[in-house]
Amino acid sequence: MNKELEHSFVTNLEQNQNIVHKVCRIYTNDAESHNDLFQEITIQLWKAYPKFRGDSKFSTWMYRVSLNTAITLYRKSKRSIKTTDFDSLDFKIKTEEYDDEVEQQLKLMYTAVKQLNDIEKALVFLYLEDKSYKEIAETMGISEVNARVKMNRVKTKLKKILNP
Amino acid sequence: MDELELLKKDWKKQEEGLPKLSYDQIYRMILKKSSSMIKWIFIISIVEFILWVSIDIIIRLSGKYEEIEVLGLEGFSLVSTILSYSILLYFIVRFYQNYRNIQTTDSPAVLMKNILNTRRTVKQYVWVNISFLALTTLIIIIYMVFYTDVYTQQSTDEHIPIYLIITTSVIVLAIFIGLLALLYRVIYGILTRRLKKNYKELQKLEV
Chain L
12 MNKELEHSFV TNLEQNQNIV HKVCRIYTND AESHNDLFQE ITIQLWKAYP
62 KFRGDSKFST WMYRVSLNTA ITLYRKSKRS IKTTDFDSLD FKIKTEEYDD
112 EVEQQLKLMY TAVKQLNDIE KALVFLYLED KSYKEIAETM GISEVNARVK
162 MNRVKTKLKK ILNP
Chain S
269 MDELELLKKD WKKQEEGLPK LSYDQIYRMI LKKSSSMIKW IFIISIVEFI
319 LWVSIDIIIR LSGKYEEIEV LGLEGFSLVS TILSYSILLY FIVRFYQNYR
369 NIQTTDSPAV LMKNILNTRR TVKQYVWVNI SFLALTTLII IIYMVFYTDV
419 YTQQSTDEHI PIYLIITTSV IVLAIFIGLL ALLYRVIYGI LTRRLKKNYK
469 ELQKLEV
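For the record, the sequence lines run as chains L and S.
Add 11 to a position in the first sequence, counting from 1, and you land on the number used in our numbering.
Add 268 to a position in the second sequence, counting from 1, and you land on the number used in our numbering.
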């Protein structure tokens with residue numbers, strides 16, 4: 012029985028691992044921390060898996076546990092995080108697809124997102140994942156109005172970071 | 269906001285550059301141990317319970333309780349012992365209930381609230397204990413002043429005025445409790461600072 016559970020879990024996670032990687036990208040700045048957080052999220056997902064009843068989609072359920080781990084459970088490593096640490100491991104923007112101006116703008120945007128606090132990062136992440144405000148509110152456990160107001164604030168904050 | 273929309277478009281393209289872990293790599297991960305904050309909170313809380321029980325045991329072994337009993341406070345000693353262990357039992361049960369409520373499948377808001385509740389239980393236990401300690405010591409001092417001649421005896425023996433002995437006892441007690449409280453605030457602060465900040469951030473605007 013346990014083997015079966017292990018197998019179904021690993022298969023599910025293997026297929027949906029992108030979600031976890033994307034959470035790691037938002038919350039960490041180097042490969043080592045990325046792997047560290049991925050590891051911890053995997054353990055938390057596995058521990059919660061027996062209670063996963065399939066009444067929601069596996070991916071929806073993954074968003075919650077992954078964000079919970081990143082925001083609350085994961086203890087950040089002591090290494091200082093500076094904007095200069097954003098190296099090639101980070102978001103890769105394909106040069107051939109954009110003109111210089113757009114590319115520059117995207118780079119700035121990703122750097123700005125990294126400067127947001129834990130909660131704001133979660134909101135931006137869900138927004139980028141094309142979630143509706145209703146879904147964002149449900150995932151985070153706040154009201155839809157609060158989600159909207161918070162998201163607007165994040166947008167203003169991002170604008171400020173980009174145009175100081 | 270145009271920039272965020274632009275980012276959203278690029279976000280999808282980012283998927284191509286993401287690492288791909290194999291079945292075996294993921295399988296090896298589930299065999300490892302977690303190092304999450306919940307685990308640390310559990311360990312530290314248990315240590316705190318053990319610490320307070322050990323203080324009680326040390327006081328017992330050092331024979332302080334017998335001294336109190338000699339002074340005619342047997343009844344008081346018995347009542348305070350029963351009371352302090354009932355307090356311990358009550359808080360351990362509450363701690364356990366709160367701890368069991370912590371579920372990573374809850375929303376971040378609920379999860380953070382449950383973790384903070386669990387910590388609050390231990391914090392309350394420590395404060396109740398500090399107050400209990402202060403109160404019993406004060407009662408013993410008052411009893412010794414009015415119903416025994418311990419202080420009077422000491423005063424005559426060492427040629428120190430009685431009020432000075434009493435004041436010193438109270439000051440020593442106050443300093444001890446003050447230090448304990450300070451130490452506790454520091455430990456508690458470090459442990460939950462980030463959690464509290466995030467919880468507040470999330471709850472802003474919520475009625």
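Think of the CB as a built atom: it goes at the ideal place given N, C-alpha and C, for glycine as much as any other residue.
Does the structure place the region 326-346 of chain S close enough to the region 406-416 of chain S that three or more beta carbon pairs sit under 8 angstroms? Under the three-pair Cβ rule at 8 angstroms, the region 406-416 of chain S counts as touching the region 326-346 of chain S.
Cα-Cα separation between S:GLY457 and L:PHE63, rounded to whole angstroms: In this structure, the CA atom of S:GLY457 is about 34 angstroms from the CA atom of L:PHE63.
Cα separation between S:ASP425 and S:LEU432? Counting only the Cα atoms, S:LEU432 lies some 14 angstroms from S:ASP425.
To which residues of the same chain is S:ILE428 closer than 6 angstroms at the C-beta, ignoring the five residues directly before and after it? Answer for S:ILE428: no residue qualifies.
Using alpha carbons as the reference points, say which of L:LYS170, L:ALA42, L:ILE130 and L:ASN163 lies closest to L:GLY152. The candidate whose alpha carbon is nearest that of L:GLY152 is L:ILE130.
Between L:LEU169 and the rest of its own chain, which residues show a CB-CB distance below 6 angstroms, the 5 nearest in sequence each way excluded? Contacts found: ALA123.
Around the C-beta of L:GLU112, are 16 or more other C-beta atoms found within 10 angstroms, so that it is buried, or is it exposed? That one is exposed.
Going along the chain, which residues of its own chain have a beta-carbon closer than 8 angstroms to the beta-carbon of S:LYS277, five neighbours each way excluded? Answer for S:LYS277: no residue qualifies.
Short CB-CB distance (under 8 angstroms) between L:LEU24 and chain S: With 8 angstroms as the cut-off, L:LEU24 counts as an interface residue toward chain S.
Quick one: which chain L residues come within Cβ less than 8 angstroms of S:ILE383? In chain order: THR83.
As a quick exercise: from S:SER313, S:PHE317, S:SER345 and S:GLU316, pick the residue whose alpha carbon is nearest that of S:ARG328. The option with the nearest alpha carbon to S:ARG328 is S:SER345.
At which residues does the alpha helix (DSSP H) containing L:HIS32 begin and terminate? Start and end: 13-38.
Let me check understanding here. Comparing Cα to Cα, which of L:ARG36, L:PHE136, L:LEU84 and L:TYR138 lies closest to S:SER303? Taking only the C-alpha atoms, the option nearest S:SER303 is L:LEU84.
Could you tell me whether the Cβ of S:VAL378 comes closer than 8 angstroms to any Cβ of chain L? Yes, S:VAL378 counts as interfacial toward chain L.
Presumed contact (8 angstroms Cβ cut-off) between L:ARG75 and S:SER313, rounded CB distance: Actually they are not in contact, since the Cβ atoms of L:ARG75 and S:SER313 sit about 25 angstroms apart, beyond 8 angstroms.
For the pair the region 412-421 of chain S and the region 360-375 of chain S, tell me if three or more CB-CB distances fall below 8 angstroms. Note that the region 412-421 of chain S does not touch the region 360-375 of chain S; fewer than 3 beta-carbon pairs, one per stretch, sit closer than 8 angstroms.
How far does the alpha helix (DSSP H) with L:PHE69 in it extend, from its first residue to its last? Note, L:PHE69: alpha helix (DSSP H), 69-79.
Using 8 angstroms for Cβ pairs, my map puts S:THR386 next to S:ILE370. What's the rounded Cβ distance? S:ILE370 and S:THR386 do touch by the CB rule: their CB atoms are close to 7 angstroms apart, below 8 angstroms.
Going by other Cβ atoms of all chains shown within 10 Å of its Cβ, with 16 needed for buried, is S:SER354 buried or exposed? Around the beta carbon of S:SER354, a 10 Å sphere encloses fewer than 16 other beta carbons of the protein chains shown; the residue is thus reported as exposed.
Which residues mark the beginning and the end of the alpha helix (DSSP H) in which L:HIS45 is found? For L:HIS45, the enclosing alpha helix (DSSP H) starts and ends at 42-59.
According to a CB-to-CB cut-off of less than 8 angstroms, which residues of the region 281-300 of chain S neighbour chain L? When C-beta distances to chain L are compared with 8 angstroms, the residues of the region 281-300 of chain S below that value are LYS281, GLN282, GLU283, GLY285, LEU286, PRO287, LYS288, LEU289, SER290, TYR291, ILE294, TYR295, MET297, ILE298 and LYS300, in chain order.
If the cut is a Cβ gap below 9 angstroms, which residues of chain L does S:SER304 touch? Chain L residues near S:SER304: GLU51, ILE54, GLN55, THR80, THR83, LEU84, TYR85 and ARG86.
Listed by chain order, chain L residues near S:GLU337 by CB distance under 7 angstroms: Within chain L, no residue has its beta carbon less than 7 angstroms from that of S:GLU337; the closest one is some 48 angstroms off.
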